[in-house]
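385 is the number that my numbering gives to position 69 of the sequence shown; each next residue is one higher, with no gaps. From the three backbone atoms N, C-alpha and C, an ideal C-beta is built for every residue, glycine too.
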Amino acid sequence: MTDKTIEMVDVDKWYGPLHVLKKVNLEVSPGEHIVLCGPSGSGKSTLIRCINYLEVTQGGRITVNGTELGSKGSNADHIRKDVGMVFQQFNLFPHMTVVENCMLAPKRVKHMGDKEAREVAMRLLDRVHIAEQANKYPAQLSGGQQQRVAIARALCMGPKVMLFDEPTSALDPEMVKEVLDTMISLAEDGITMICVTHEMGFARAVAHRVIFMDGGQIIESAPPDEFFSNPQHPRAKAFLGQILNH
317 MTDKTIEMVD
327 VDKWYGPLHV
337 LKKVNLEVSP
347 GEHIVLCGPS
357 GSGKSTLIRC
367 INYLEVTQGG
377 RITVNGTELG
387 SKGSNADHIR
397 KDVGMVFQQF
407 NLFPHMTVVE
417 NCMLAPKRVK
427 HMGDKEAREV
437 AMRLLDRVHI
447 AEQANKYPAQ
457 LSGGQQQRVA
467 IARALCMGPK
477 VMLFDEPTSA
487 LDPEMVKEVL
497 DTMISLAEDG
507 ITMICVTHEM
517 GFARAVAHRV
527 IFMDGGQIIE
537 SAPPDEFFSN
547 PQHPRAKAFL
557 GQILNH
């Protein structure tokens, strides 16, 4: 049994000639909250997509909850049972109601019956304060509500790890807070979390570590207080100057 929930060792990822992850090394402990930040194109989203096996790497190794990812995606379904992911776009099925969206994976992957899957879905919709919208369709909800449904849907699988890929970037500013509040509440429950975000207030409130990426590499990793008050790398200093003065 490993004491690391996630371990990445010398991970390389290319898209054709583009080297997007370069010998990345990362360890995440159980219950740890990591915020990944950095300029556009630095490899942040690719990194978490590799953890969830949405991308296959070309070098190094990744271990999630003690299971090493196979080189060809052979054990993708096994990994994803333990790893929930929330995307920029909500990716809800438009022809299904909110509760049906949440029931789908537990029924298909965990072979739950309708009654149990609905009970789980309603409990998690209530957890993100949106149970009253259960019988509506996604198009009837605001962006913030849809993103909270997407979080509930991921939680319905009982994941040990939650990955967030810029979950507020597609939202109107007034909807950002409701999603961040939901994520803060999840963090307080102790779930292991990696979040790609430029919401620095969230990073200060929730992160145990802030990791700064640039050019496909992790170039700085520090507790939030250290990272924000005294970034070591010139690229991190420049990035924070842009973000915090925006």
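| Check | Outcome |
| --- | --- |
| Across the segment 339-346 and the segment 496-503, are there enough close Cβ pairs to call them in contact, namely three or more that are closer than 8 Å? | no |
| In the structure shown, what three-state DSSP assignment does Ile559 receive? | helix |
| For Met428, which of helix, strand or coil comes out of DSSP? | coil |
| Hey, Lys261 and Glu384: beta-carbon distance below 8 Å or not? | One cannot answer for residue 261 here, as it falls past the ends of the chain, which runs 317 to 562. |
| Let me know if Tyr369 comes out buried or exposed under the rule of 16 or more other beta-carbons within 10 Å of its beta-carbon. | buried |
| Quick one: grab the DSSP three-state call for Gly376. | strand |
| Name the DSSP bridge partner or partners of Ala538? | Val526 |
| Leaving out the 5 sequence neighbours to the left and right, which residues in its chain are closer than 6 Å to Ala519 when beta-carbon positions are compared? | Val351, Val526 and Pro540 |
| Could you pull out every residue in the same chain whose Cβ sits closer than 6 Å to the Cβ of Phe406, ignoring the five residues on either side in sequence? | Gln462, Gln463 and Ala466 |
| Considering Cys472, what are the terminal residues of the alpha helix (DSSP H) in which it resides? | Run containing Cys472: none; DSSP gives neither H nor E here. |
| Return yes when at least one heavy atom of the ligand ATP lies under 7 Å from the C-beta of Gln449, else no. | Among the components modelled here there is no ligand, and therefore nothing to report on the ligand ATP. |
| With DSSP as the reference, label Ile507 as helix, strand or coil. | coil |
| Going by the CB atoms, is the gap between Val512 and Thr321 shorter than 8 Å? | no |
| Among Ser458, Phe480, Arg469 and Gly382, whose alpha-carbon lies nearest the alpha-carbon of Ile510? | Phe480 |
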